[in-house]
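Here the sequence shown is numbered in our numbering, starting from 9 and rising by one per residue. Every residue, glycine too, gets a C-beta built ideally from N, C-alpha and C. Only one structure is covered here, and it is reproduced in the block below.
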Amino acid sequence: MSQRKQMWQIPKVVFQPQVYTGIQAGISQIVNAVGPTLGPYPRVVLYDTTLGLTGKPPEILDDGGVIARRVIGLSDRDADVGAMLTRHMLWRQHEDVGDGTATTAVLFRSLYDEGVRYITAGGNPMRLRVYLEQGLRVILDELATMTTPIEGKEALTRLAETICYDAQMARFLGEIFDIIGAYGRLELRNSQSIETEREYVEGMYWDGGVLSRNMLLNAPGMRVEMENPVLLLTDHEIEDPHDLVPVLALLLRMDVDNLVIVARKLSEAVLGLIHLNQQQQKIKAQIIAVKSPGIGLEEQVNSLMDLAVLTGGRPFLKATGEKLTHVQPEDLGQARRVWADKDYVGIIGGKGNPRALRQHIAALRHAYARATDQKERTTLQQRIGVLMGGAATLWVGGLTESEQKFKRELARRTAEALRGAILEGVVPGGGVALLNCRAALKERLAQAQEPEERAAYHILLRAIEAPTRTLLHNAGIEAGAVMADIYAAGRDYGFDVRTRRIVNMVEAGILDAASVTRAVVNNAIRTAGMALTMDVIVHRSNPPQSTATE
Numbered sequence: 009m010s011q012r013k014q015m016w017q018i019p020k021v022v023f024q025p026q027v028y029t030g031i032q033a034g035i036s037q038i039v040n041a042v043g044p045t046l047g048p049y050p051r052v053v054l055y056d057t058t059l060g061l062t063g064k065p066p067e068i069l070d071d072g073g074v075i076a077r078r079v080i081g082l083s084d085r086d087a088d089v090g091a092m093l094t095r096h097m098l099w100r101q102h103e104d105v106g107d108g109t110a111t112t113a114v115l116f117r118s119l120y121d122e123g124v125r126y127i128t129a130g131g132n133p134m135r136l137r138v139y140l141e142q143g144l145r146v147i148l149d150e151l152a153t154m155t156t157p158i159e160g161k162e163a164l165t166r167l168a169e170t171i172c173y174d175a176q177m178a179r180f181l182g183e184i185f186d187i188i189g190a191y192g193r194l195e196l197r198n199s200q201s202i203e204t205e206r207e208y209v210e211g212m213y214w215d216g217g218v219l220s221r222n223m224l225l226n227a228p229g230m231r232v233e234m235e236n237p238v239l240l241l242t243d244h245e246i247e248d249p250h251d252l253v254p255v256l257a258l259l260l261r262m263d264v265d266n267l268v269i270v271a272r273k274l275s276e277a278v279l280g281l282i283h284l285n286q287q288q289q290k291i292k293a294q295i296i297a298v299k300s301p302g303i304g305l306e307e308q309v310n311s312l313m314d315l316a317v318l319t320g321g322r323p324f325l326k327a328t329g330e331k332l333t334h335v336q337p338e339d340l341g342q343a344r345r346v347w348a349d350k351d352y353v354g355i356i357g358g359k360g361n362p363r364a365l366r367q368h369i370a371a372l373r374h375a376y377a378r379a380t381d382q383k384e385r386t387t388l389q390q391r392i393g394v395l396m397g398g399a400a401t402l403w404v405g406g407l408t409e410s411e412q413k414f415k416r417e418l419a420r421r422t423a424e425a426l427r428g429a430i431l432e433g434v435v436p437g438g439g440v441a442l443l444n445c446r447a448a449l450k451e452r453l454a455q456a457q458e459p460e461e462r463a464a465y466h467i468l469l470r471a472i473e474a475p476t477r478t479l480l481h482n483a484g485i486e487a488g489a490v491m492a493d494i495y496a497a498g499r500d501y502g503f504d505v506r507t508r509r510i511v512n513m514v515e516a517g518i519l520d521a522a523s524v525t526r527a528v529v530n531n532a533i534r535t536a537g538m539a540l541t542m543d544v545i546v547h548r549s550n551p552p553q554s555t556a557t558e
C-alpha cells in the first residue's frame, strides 16, 4: 500500500494553529496558480495529465475557475481543505457570472491572510466575520452608486476587450450583443479555418430538425422552407395514424398551403400516411414534421408554451389529456416563414398576438430577475432570447484544436460578462471600482468603536488594493509607487498597463461588468469570513474518490 493511501486512511482531528497554517498553504497554492492570469498581459497555465505518453497536447488555460477546477486534491490533508474551499469559491464565481475569478482569488487571499494575522494576535474571529460582512454591504452600496448603463457597439466592444484582450473577438462580440441584446442566443462553434467569423440567424431556431430525412429528399440543399405555414404544436408521440386523421381532415377544409407538425415523435406508420396522402395528392398542403424543442418533459412543455404565444396557436399537451381529435383551425399557430434541415428548425415572423407576446416576455424577465439558481437563470435567458428572435453564431478559428478550445472558452466567458453588463450596468475597470470604495470604508473606520470593527475595515482597505497590485505585478510594473500616483489622481483614476499611463478609466473605456464586480466581493468576503471561523478540521478515514469533473 502506498504511503499516501495509508495516510488518507488515518482519521485525524486538527486544532489551531495548525488549522490556519494548513488552510493558508492550500489557499496560496490555488491563488498562485490563478493570480498570474489577471490583467491584459496574463500568463497562461498548461494542464497536462498525460505525462507525455499519449501524445495529446496539454490544455492552455487562462480562466481561474477552470484552472482551480483542474486541481482535484493536494497530498497535504490540511492544505487540501484550503485548496478545495478556494476551488469551490472560484468555480461558483465562474458558473454564476463567467468572469472575475482571478480577482476573487487575490482578494480572498488578502482577506484571509490579514484576518489570520489579527486573530492569532488575540482577535475574536466571530466578531471579525460580522464586521467583514458589514463592510461588504458598504462596498456593495458604493458599487451601486458608480454603476452606469452600457449600450452601443463601441462601448460593448471596449468592455469585451477588457475581458478577453483579443481585439478581433471583442469587435465581433460587441457587434453581436449590440444586435441580439442581453438575452439573445449565441452559439460558439469551431471554425473550419484559422479565422474567427460571425453569422446571424433571423428569427428563432432550435436544435432538432425534421423527424424523417425523407422529407428533405426533394428539397434543395436538404433544407425545406415554407411560406405562411400553420403549425400544430404538441408533445405527443403520435404512434397511431388514426390520431392524425382529424388534422388531415382539417387541412382539406382549410385553404392553407403548408403545415408544420411540431411533435416529440411520429411513428413510421404516421409518416407513411403523410407521404401517401401527398403522393396521391389527396392533400395539397405540403407537410413537414419536426422535433419539439427542448430536452426533457418540463423543458419541452415550456418551449411549446413559448411557441404557442409566438405563433398564436394552442399546444396539445399530454399532461392536460388533450388529444388531436379535438383540434380546430384556431388552435393552429401561424408564421411568416419556417425552415428545417436535418439538425435545426427555424421560425421567422410568428403571427401571435403582439400584446400577449410582450406580456409573456415581461413575465419571463421578472422570473429571471428573481431566480437564484444558475441553471434556472440560464434556461429563462434562453427562453427570452428565443422569443425575442435574436441569434448569432461565432465561428472560432485557430491553428490547433487546443487553441480553438482556449479561444472558445474565452469567448464564452466574455459573452457571459457582456450579458451581465447589458442587464446590470458597468463600473470602472482595472480594480478601480474597488479602490473607489476606500473613502466610504475610511469613514466607517473613523466611526468604529470595537477592536474587531476597526480591524475589519483595516483588512478590507488592504484587500481592495490586491487586485490592482496583482494586475500591475503581472504587467511587470512596481506597484508601490504607482498606487500612490493613482490615489493622488483621484476617483475613477487607475493605471492603464497597455499605455503605461494613469487615466480616467471610465473615459478610457476600461470598464468591468457591475454584476461581475459585485459577485467578486460577495464571494471573496463571505468565503473569507467563513474560513476565518474554522477552528477544527476533522479528516475522515477512507474519503470517497473525487467526483470532480475535469
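Residue-level contact to chain D via CB, residue i, 7 Å cutoff
i, result
"L196", "Absent from the structure: chain D. Only one protein chain is present."
Range of the contiguous beta strand (DSSP E) that encloses residue i
i, result
"T401", "398-404"
"P436", "434-436"
"D520", "519-521"
"L54", "53-55"
Strand pairing of residue i, partner residues [DSSP]
i, result
"H547", "K20"
"D215", "Y352"
"G358", "A343"
"L560", "Beyond the ends of the chain as shown, which are 9 and 558, falls residue 560; an answer cannot be given."
"F324", "T242"
Where residue i falls: helix, strand or coil (DSSP)
i, result
"A87", "helix"
"I533", "helix"
"T555", "Low confidence applies to T555: its pLDDT is 46, below 50, so where it sits in the model is not reliable, and the reading given next is rough at best. Reduced to three states, the DSSP call for T555 is coil."
"A297", "strand"
"V209", "strand"
"I68", "strand"
"M538", "helix"
"R12", "Because R12 carries a pLDDT of 49, less than 50, the predicted location of this residue cannot be relied on, and the following value inherits that uncertainty. Three-state DSSP puts R12 in a helix."
"P48", "coil"
"K415", "helix"
"A379", "coil"
"S311", "helix"
"A370", "helix"
"T333", "helix"
"A316", "helix"
"L82", "coil"
"G304", "coil"
"E203", "coil"
"A516", "coil"
Cβ shell of residue i (< 6 Å), same chain only, five flanking positions each side left out
i, result
"R135", "E460"
"E432", "A522, S523"
"L442", "I472"
"I518", "T170, G437, G438"
"M223", "I296"
"L365", "V317"
"V546", "V21"
"Q294", "N266"
First and last residue of the uninterrupted alpha helix (DSSP H) at residue i
i, result
"Y28", "26-42"
"L443", "440-443"
Beta-carbon contacts of residue i that lie in its chain and below 8 Å, excluding the five residues immediately before and after
i, result
"T557", "Legend: pLDDT at T557 = 42, less than 50; position of this residue unreliable, value from coordinates given subsequently. Counting only Cβ-Cβ distances below 8 Å, and skipping sequence neighbours, we find R77."
"Q32", "G90, Y120, D121, V124"
"L469", "R446, L449, K450, L453"
"G34", "L82, D84, D86, A87, D88, V89, G90, A91, M92, L93, T94"
Heavy atom of the ligand GTP within 6 Å of residue i beta-carbon
i, result
"S549", "Among the components modelled here there is no ligand, and therefore nothing to report on the ligand GTP."
Proximal residues to residue i (C-beta, below 7 Å), its chain only, five neighbours per side dropped
i, result
"N512", "D500, Y501"
"R5", "This structure does not reach residue 5, given that the chain is present from 9 up to 558, and the question cannot be answered."
"R548", "P19"
"G537", "R137, L140, E141"
"A370", "none"
"T165", "A178, R179, G182"
*Identify every run of the alpha helix (DSSP H) within the segment 93-180, keeping only runs that are complete inside it and at least 4 residues long; order them along the chain.*
Fully enclosed alpha helix (DSSP H) runs of no fewer than 4 residues occupy 109-128, 133-154, 161-172 of the segment 93-180, in order along the chain.
*Along the chain, which unbroken stretches of the beta strand (DSSP E) at least 3 residues long are found entirely within the segment 212-283?*
The segment 212-283 contains these whole beta strand (DSSP E) runs: 212-215, 232-235, 238-241, 266-271.
*Whole runs of the beta strand (DSSP E) within the segment 450-514, excluding any shorter than 3 residues*: 501-504, 509-512
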